[in-house]
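Structure first, then comments.
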Amino acid sequence: MWLVLFCGSVEAQKVLRWGADPSGGAPYVFTDPANPDQYIGYEKEMVDALAKAMGRQAEFVPSDWETLVSALQRGSFDVIVNGLEPTGDRAQQILFSKPYYIFQLQLTVRRDDNRINSIDDCKNRTVGTLANTAASRLLEQRGIPMRGYADPVAAYRDLELKRIDAVIFDVPAEAFYARNNPKLKPAGAPFTRGLYVIGLRKGDDALKAEVDAAIDKIIFDGTLETILKKWGLWNEAQVEFQAPIRSGTQSTKVEEYTTTNATFNWREALWRLTRAAAVTVLIALGSMVIAVVLGLPLAVGQWKGPSWLRGLCTLYVEFFRGTPVLVQLLFLYFGLPVFGIAMPGWLTALVGLGLNYAAYESQVYRASLEAIPNGQWEASYSLGMGPMLAFRRIILPQAFRIALPPMTNDFVSLFKDTSVAYAISVWELATAYRELANASGQFLLLGVAVSAFYLAMSLPMAHLARLLERRLRDRALERVEEEEAPA
Amino acid sequence: MIRVTDLRKRFGNSEILKGITFEVPPQTVLGVIGASGSGKSTLLRCLNGLETISSGTVEVETVRLEATLSHSEYRKRVKDLRLKVGTVFQHFYLFPHLSVVGNIIEAPVHVLHTPKKTAETEASELLESVGMTHAARRYPGSLSGGEQQRVAIARALAMHPALLLLDEPTSALDPRRINSLRALLRTFVDRGHTMIIISHSMGFLAGVADNVLFMEGGVAVEFGPTDEVMKSPQDARTKDFMLSADSTD
Chain X
1 MWLVLFCGSV EAQKVLRWGA DPSGGAPYVF TDPANPDQYI GYEKEMVDAL AKAMGRQAEF
61 VPSDWETLVS ALQRGSFDVI VNGLEPTGDR AQQILFSKPY YIFQLQLTVR RDDNRINSID
121 DCKNRTVGTL ANTAASRLLE QRGIPMRGYA DPVAAYRDLE LKRIDAVIFD VPAEAFYARN
181 NPKLKPAGAP FTRGLYVIGL RKGDDALKAE VDAAIDKIIF DGTLETILKK WGLWNEAQVE
241 FQAPIRSGTQ STKVEEYTTT NATFNWREAL WRLTRAAAVT VLIALGSMVI AVVLGLPLAV
301 GQWKGPSWLR GLCTLYVEFF RGTPVLVQLL FLYFGLPVFG IAMPGWLTAL VGLGLNYAAY
361 ESQVYRASLE AIPNGQWEAS YSLGMGPMLA FRRIILPQAF RIALPPMTND FVSLFKDTSV
421 AYAISVWELA TAYRELANAS GQFLLLGVAV SAFYLAMSLP MAHLARLLER RLRDRALERV
481 EEEEAPA
Chain P
1001 MIRVTDLRKR FGNSEILKGI TFEVPPQTVL GVIGASGSGK STLLRCLNGL ETISSGTVEV
1061 ETVRLEATLS HSEYRKRVKD LRLKVGTVFQ HFYLFPHLSV VGNIIEAPVH VLHTPKKTAE
1121 TEASELLESV GMTHAARRYP GSLSGGEQQR VAIARALAMH PALLLLDEPT SALDPRRINS
1181 LRALLRTFVD RGHTMIIISH SMGFLAGVAD NVLFMEGGVA VEFGPTDEVM KSPQDARTKD
1241 FMLSADSTD
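Sequences listed follow chains X and P, in order.
As numbered in this note's numbering, residues 1 to 487 make up the first sequence, in order.
As numbered in this note's numbering, residues 1001 to 1249 make up the second sequence, in order.
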């Protein structure tokens, strides 16, 4: 009986599952700071209104901006409502509703920066924005160096810290995150006009008809105007856009508005992957040097140091081994600037991974040093060597042989661990893969290319280490020749 | 002159050396004999500064080590002492990452700052005198026990020590090689070297040592010319040891 009733009620109220990225997603959809288990935002309110007009129950599915299209196609939700632009490349993958909002772009710079007054001043300067948006495509078309971010908060913070020169975002996000920041200012007026539409799966034409009708309805009856006014997003562009629908005379002419198209070509992609690979190599080799150099004093301190030093070294090792490297990088990148140290992303990754791997290397060294028999020390001492000389000339070279295979192992995995740098927007291989693949949909082919790059780095390294190991071992295992005849 | 006076060594509450006194005249060999646990190995480690002495003195030529010295002065004299005393360990402790020549020239070049060429010339002379010229470029891992011992002797002599210590030199050798080692050591004594040889084998010491010190329980039970100690031991404990040693050797 209960079951029947329950099913009946679900049947009566169909759901509208909608996907959007709520992290740094204000004012579209974001976590209510006053009530962290709820989402708010003008699009949240708009979808509720749309669903009501459709006689459905809205259900929000939090997702990732960069994977919205693939998540929609996988069926994680029915529609994308996240300030989505009807670009030519997306049109090949998904279906678009009628537009519901006219957006503009706003360039932001530091308050004390008078060099940049418009997008034309940005040649050869690094501009941050959300990857795979109208803004990022505009920058690409104009050949302006672009740094992709996962959310506006990180982009505007890096602008403050002078890691980048300017940030460009859709006006709604800019109004919420940058307009009232005393350290930043808008550079020039908002420019270009583009459309926000709702994204649907190809073939979902019935749902599209439903959504289009609902959009017309909430524009016609003023519901959308009320919502936009509440969020401070009502402006001249919306008045012009809504007028024909409100008067019931004609529908919007989409052609009047700018849409950008992502152009994907393999040469460009491979070139960007190569650059990303170079950054990956730089980070890996640099952090390797830090790890190898810093690991030794850590190992010796923990092994032979006085008790306070031993404690300090152990603390270091346990801290860096016991917390995720991702958290350490985020701390170095966003936390250290509080103390006035703002390193660029690649250097942060290099230092962070170096400090982290030093903890691991120190343990490899310590085990290797402890494996050298005490007799080697005694023989050195009895030949008149001091502890430093004995360590440098006798103990260390032997320990190095023991340490070599586990060190190789660590460094191959260090090459792969550089991928955590994507969390702080460093353009290394993993970031490149994610952004290029999301922009193009070429997950498979780009995946193969990226794997090839990683292998091209780690295989020679493993080979080199094996050669070195073999050379060292062959010496020790030289064939014992026939013993000489007795004298 | 090598002189040890009332040497004592304690580990915690147990006294391992209970007042040892002896002299080694230049160009002679002292054999130290005794069962395991008699304290002979600890004595050797006191003589090359690997153990800190608890009381008494150790003199090797101009270096005089006293238990009563301040910590820093003691350390300084241990450094000096180690330059005067060379050690051939029971298990040799050759440096496995260095070639035979590398093992021999390591300390002369880096401790005495002898020019590398000079050190190499000396090393090849030493290798010739121990009969190991053929193995100069080989690595210790590829040498037999007897060969490693000869390299270890050459390595110790390369520092021109006033006193050469050998710890159980016969333990890794078959009887034929024991004879040739005995002959080798005697040639070094004839060239002016002074040695202390720790051994549990009276048979080996008989042909190489001028004097013998018999130890038991950390005490020097008997000390005298090798012939006399062997022919007519004064102490009952020495007699017992030699009877049991003769049957096993």
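Positions of the beta carbon are idealized from the N, C-alpha and C atoms, including for glycine.
Only a predicted model underlies this, so the values are computations on that prediction, with no experimental measurement involved.
Residues of chain X whose Cβ lies closer than 9 Å to the Cβ of P/Glu1106 are, in chain order, Ser380, Leu383, Met385, Arg393, Ile394. The C-beta distance from P/Lys1009 to P/Thr1042 rounds to 6 Å, short enough to fall under 8 Å. Interface criterion met: the Cβ of P/Thr1087 is under 7 Å from a Cβ in chain X. Under the 7 Å criterion on CB atoms, X/Gly375 is classed as interfacial with respect to chain P. Among the residues of the segment 1043-1059 of chain P, those with a Cβ less than 8 Å away from any Cβ of chain X are Asn1048, Gly1049, Leu1050, in the order of the chain. In terms of CA proximity to X/Gly345, X/Phe331 leads the group X/Phe339, X/Ala358, X/Phe319, X/Phe331.
Less than 7 Å divides the Cβ of X/Leu298 from the Cβ of X/Ser362.
Taking a contact as a CB-CB distance under 8 Å, the pair P/Leu1213 and P/Phe1204 does not count as one, their CB atoms being some 15 Å apart. Exclusion of the five residues before and after X/Ile40 leaves Phe30, Asp32 as the residues of its chain whose Cβ lies within less than 7 Å of its Cβ. Across the structure, X/Glu225 and X/Gln238 are spaced so that their CA atoms are roughly 9 Å apart. The residues Leu298, Gln302, Ala359, Ser362, Gln363, in chain order, have a CB closer than 8 Å to that of X/Val317 in the same chain once the five nearest residues on each side in sequence are set aside.
Contact with chain X is found for P/Tyr1093, since one of that chain's Cβ atoms lies less than 7 Å from the residue's Cβ.
DSSP, read as helix, strand or coil, puts P/Tyr1093 in coil. Looking at X/Ala206, X/Arg74, X/Lys202, X/Pro190, the one whose alpha-carbon comes closest to that of X/Ser63 is X/Arg74. Within the DSSP secondary-structure output, X/Trp18 pairs in a beta bridge with X/Phe60, X/Val79. Annotation: the continuous alpha helix (DSSP H) that includes P/Ile1105 extends over 1100-1110. For P/Arg1155, the closest alpha carbon among the candidates X/Ser440, X/Ser380, X/Ala421 is that of X/Ser380. If you draw a straight line from the Cα of X/Gly354 to the Cα of X/Val292, it is about 8 Å long. Per the coordinates, the alpha-carbon of X/Leu312 lies some 40 Å from the alpha-carbon of P/Met1159. Near chain P, meaning a CB-to-CB distance below 9 Å, no residue of the segment 271-297 of chain X qualifies.
A buried status is given to X/Glu45, since no fewer than 16 other beta-carbon atoms sit within 10 Å of its beta-carbon. When 8 Å is used as the limit between beta carbons, X/Gln363 is near no residue of chain P, the shortest such separation being about 22 Å. Comparing alpha-carbon positions, the option among P/Gln1090, P/Val1024, P/Thr1052, P/Ser1171 lying closest to P/Glu1073 turns out to be P/Thr1052. For the 7 Å CB-CB criterion, P/Gly1218 and P/Lys1018 form a contact. X/Ile119 and X/Ile168 have their C-alpha atoms spaced approximately 9 Å apart. Residues of chain P whose Cβ lies closer than 8 Å to the Cβ of X/Pro397 are, in chain order, His1097. The straight-line gap separating the alpha-carbon atoms of P/Glu1015 and P/Val1208 is approximately 30 Å.
For the pair P/Ile1198 and X/Tyr365, the Cα-to-Cα distance works out to about 36 Å.
Counting of Cβ neighbours within 10 angstroms places P/Gly1049 among the buried residues, the total reaching 16 or more.
Judged by their CB atoms, X/Ala342 and X/Ser368 are not nearer to each other than the 7 Å cut-off. Among the residues of the segment 1124-1146 of chain P, those with a Cβ less than 7 Å away from any Cβ of chain X are Gly1131, His1134, Arg1138, Tyr1139, Gly1141, Ser1142, Ser1144, in the order of the chain. Scanning chain P for C-beta atoms nearer than 8 Å to the C-beta of X/Leu389 yields His1110, Val1111, reported in chain order.
In the structure shown, X/Lys98 adopts extended strand secondary structure according to DSSP, grouped into three states. Cβ neighbours of X/Tyr333 within its own chain (closer than 6 Å, five residues either side excluded): Thr348, Ile424.
Cβ contact annotation for X/Ala403 (same chain, cutoff 7 Å, sequence separation greater than five): Val364, Tyr365, Ser368, in chain order. At least one CB atom of chain X sits nearer than 7 Å to the CB of P/Arg1082.
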